[in-house]
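Trainee:
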Amino acid sequence: MPFDFGKNWLDFSKNALTSAKVKQAENDFAKLFAGIELTGKTFIDIGFGQGLSLLIARQNGATVVGCEINPTCKEALEQTLIHFPHVKSTDIPIVIGSILNQDTVNQLLKYSNNQGVDIVHSWGVLHHTGNMRQAFQSVAKLVKEDGYLVIAIYNKHWSSYIWLIIKWLYCKLPSLLQSGLVYLFYPIIWLAKYLVTRENPTKKTRGMDFLYDVIDWVGGYPYEYASIEEIEKLMMNLGFQKLKHVKAQVPTGCNEFIFRKNLPLIEK
Numbered sequence: 000m001p002f003d004f005g006k007n008w009l010d011f012s013k014n015a016l017t018s019a020k021v022k023q024a025e026n027d028f029a030k031l032f033a034g035i036e037l038t039g040k041t042f043i044d045i046g047f048g049q050g051l052s053l054l055i056a057r058q059n060g061a062t063v064v065g066c067e068i069n070p071t072c073k074e075a076l077e078q079t080l081i082h083f084p085h086v087k088s089t090d091i092p093i094v095i096g097s098i099l100n101q102d103t104v105n106q107l108l109k110y111s112n113n114q115g116v117d118i119v120h121s122w123g124v125l126h127h128t129g130n131m132r133q134a135f136q137s138v139a140k141l142v143k144e145d146g147y148l149v150i151a152i153y154n155k156h157w158s159s160y161i162w163l164i165i166k167w168l169y170c171k172l173p174s175l176l177q178s179g180l181v182y183l184f185y186p187i188i189w190l191a192k193y194l195v196t197r198e199n200p201t202k203k204t205r206g207m208d209f210l211y212d213v214i215d216w217v218g219g220y221p222y223e224y225a226s227i228e229e230i231e232k233l234m235m236n237l238g239f240q241k242l243k244h245v246k247a248q249v250p251t252g253c254n255e256f257i258f259r260k261n262l263p264l265i266e267k
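Numbering that gives the first Met the number 0 puts the sequence shown at residues 0 to 267.
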C-alpha cells in the first residue's frame with residue numbers, strides 16, 4: 000500500500016501552515032525562479048501537494064494547472080488558499096491522475112492546445128510515482144520548446160536502499176505503529192541533519208515543517224533515487240540542457256535542478 004501523501008499534506012495545511020511560512024515559501028520560490036519570467040507564462044505543477052508552489056506561481060501572474068494522483072490534495076489546496084486571498088480557486092484547474100498515465104498527460108496537454116507549457120514544476124514527486132524514468136518521459140512531453148523543467152529528486156547514496164526498506168515497512172504497519180516509527184526516527188533524523196549541516200533542522204525552507212517532513216521521509220513509498228549525473232544524462236537524452244543544480248544538503252536529500260528544453264548551444 001502506498002503512502003498517503005494527501006493526508007499528510009492536508010494535515011500540514013490545517014495544522015502547520017502559517018502566514019510566516021507562506022512568506023518564506025514566496026521568498027524561496029522567487030530565488031529558485033530568478034531569471035525565469037512567470038507573468039503571462041503557462042505553469043504546470045505535477046504533484047502539487049499542499050499547493051504552495053501552484054498558488055505562488057498564480058500570484059506571480061502565471062496561468063497554472065495542477066496535477067495530483069491523490070484527490071485529498073485538492074482539500075489541502077483549498078486549505079492553503081486561505082493564505083492567498085487574491086487567488087480564486089476557479090483560477091486553478093486541477094487534473095486528478097497519475098503522470099504515468101497517458102490519459103493524464105493528454106488532459107494536461109489540452110491546457111496548452113497540445114503545444115506544451117512554458118514551465119513544468121515537480122518538486123520531490125517523480126521519485127514517488129513507482130516508475131521514475133517513465134515519469135520523466137511524461138513530464139518531458141509537457142514542456143514546450145525552450146521551456147523549463149524545475150524538479151527535485153532524491154540523491155543516490157549507500158543508505159538509500161535502507162530508506163527504501165524503512166518506507167516499505169512503514170506502509171505495511173497499522174497506523175499506531177506508523178506513528179511510533181515516526182517518533183522513533185524524529186530525533187535520529189534531527190541529529191543526523193544537525194551533524195551534517197550544523198544548523199537547526201526545525202528551521203525549514205520553502206514553508207515546510209520538520210515533523211511533516213519526517214512523516215514523509217519515513218513513509219514516502221514508492222521511493223526511488225538517482226545521482227546528479229544520472230539525472231543529467233537522462234534529461235540530455237530527453238532533449239534538455241541543465242541550467243543549474245543545487246546539491247542536496249544531506250546525502251539522501253533532494254538535488255534540485257532547472258533544465259531547459261532544446262536550448263541552443265552557445266558558441267564559445
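Backbone N, C-alpha and C fix where the C-beta goes; we use that ideal spot for every residue, glycine too.
Predicted, not measured: the structure shown is a model, and the values here were computed from it.
Report the option in D10, S158, V63 and C170 whose CA atom is closest to the CA atom of V249.
Mentor: For the purposes of this step, residue 249 is taken as the residue at position 250 of the sequence shown. Here the closest residue by C-alpha is S158.
Trainee: Could you please give me the residues that DSSP links to T41 through a beta bridge?
Mentor: Residue numbering aside, residue 41 sits at position 42 when the sequence shown is read from its first letter. Answer by DSSP bridge pairing, in chain order: T62.
Trainee: Thinking just about the alpha-carbon of each residue, which of D212, V116 and D10 is nearest to the one in T62?
Mentor: Locating residue 62 in the sequence shown gives position 63, counting from the first residue. Closest option to T62, Cα to Cα, is V116.
Trainee: Might you give, ordered along the chain, the residues of its own chain that have their beta carbon closer than 6 Å to the beta carbon of E266, omitting 5 neighbours on each side?
Mentor: Numbered from its first residue, the sequence shown carries residue 266 at position 267. Low confidence applies to E266: its pLDDT is 42, below 50, so where it sits in the model is not reliable, and the reading given next is rough at best. Same-chain partners within the cutoff: there are none.
Trainee: Compute the distance between the beta-carbons of I43 and I152, then report whether it is under 7 Å.
Mentor: Residue 43 sits at position 44 when you count from the first residue of the sequence shown. Residue 152 sits at position 153 when you count from the first residue of the sequence shown. Result no, Cβ atoms of I43 and I152 do not sit closer than 7 Å.
Trainee: Figure out for me which residue from C253, K246, L242 and N261 has the closest Cα to the Cα of G34.
Mentor: In the sequence shown, the residue the question calls residue 34 occupies position 35. Considering only alpha carbons, the answer is L242.
Trainee: What number of angstroms, rounded off, separates the C-alpha of I187 from the C-alpha of T89?
Mentor: The count along the sequence shown starts at 1 and reaches residue 187 at position 188. The count along the sequence shown starts at 1 and reaches residue 89 at position 90. Roughly 43 Å separates the two Cα atoms.
Trainee: So if DSSP puts I118 in a beta bridge, which residue, or which two residues, is it bridged to?
Mentor: Translated into positions along the sequence shown, residue 118 becomes position 119. Paired residues: F42 and Y147.
Trainee: What do you get for D212, buried or exposed, if any count of 16 or more other CB atoms within 10 angstroms of its CB means buried?
Mentor: By one-based count along the sequence shown, residue 212 stands at place 213. By the neighbour-count rule (16 or more Cβ atoms within 10 Å), D212 is buried.
Trainee: Distance, Cα to Cα, C72 vs G5?
Mentor: Looking up residue 72 in the sequence shown gives position 73. Looking up residue 5 in the sequence shown gives position 6. Straight-line Cα distance between these residues: approximately 5 Å.
Trainee: Compare the beta carbon distance of F83 and G65 with 7 Å and say whether it is the shorter of the two.
Mentor: Numbered from its first residue, the sequence shown carries residue 83 at position 84. Numbered from its first residue, the sequence shown carries residue 65 at position 66. Taking 7 Å as the Cβ cut-off, F83 and G65 do not qualify as a contacting pair.
Trainee: Counting pairs of beta carbons, one from the region 159 to 172 and one from the region 121 to 138, are three or more of them closer than 8 Å?
Mentor: With a cut-off of 8 Å, the region 121 to 138 and the region 159 to 172 do not count as touching, because too few Cβ pairs lie within range.
Trainee: Could you check which residue in A225, I95, L210 and V245 has the C-alpha nearest to that of K30?
Mentor: One-based indexing of the sequence shown puts residue 30 at position 31. Of the candidates A225, I95, L210 and V245, the one whose C-alpha sits nearest the C-alpha of K30 is V245.
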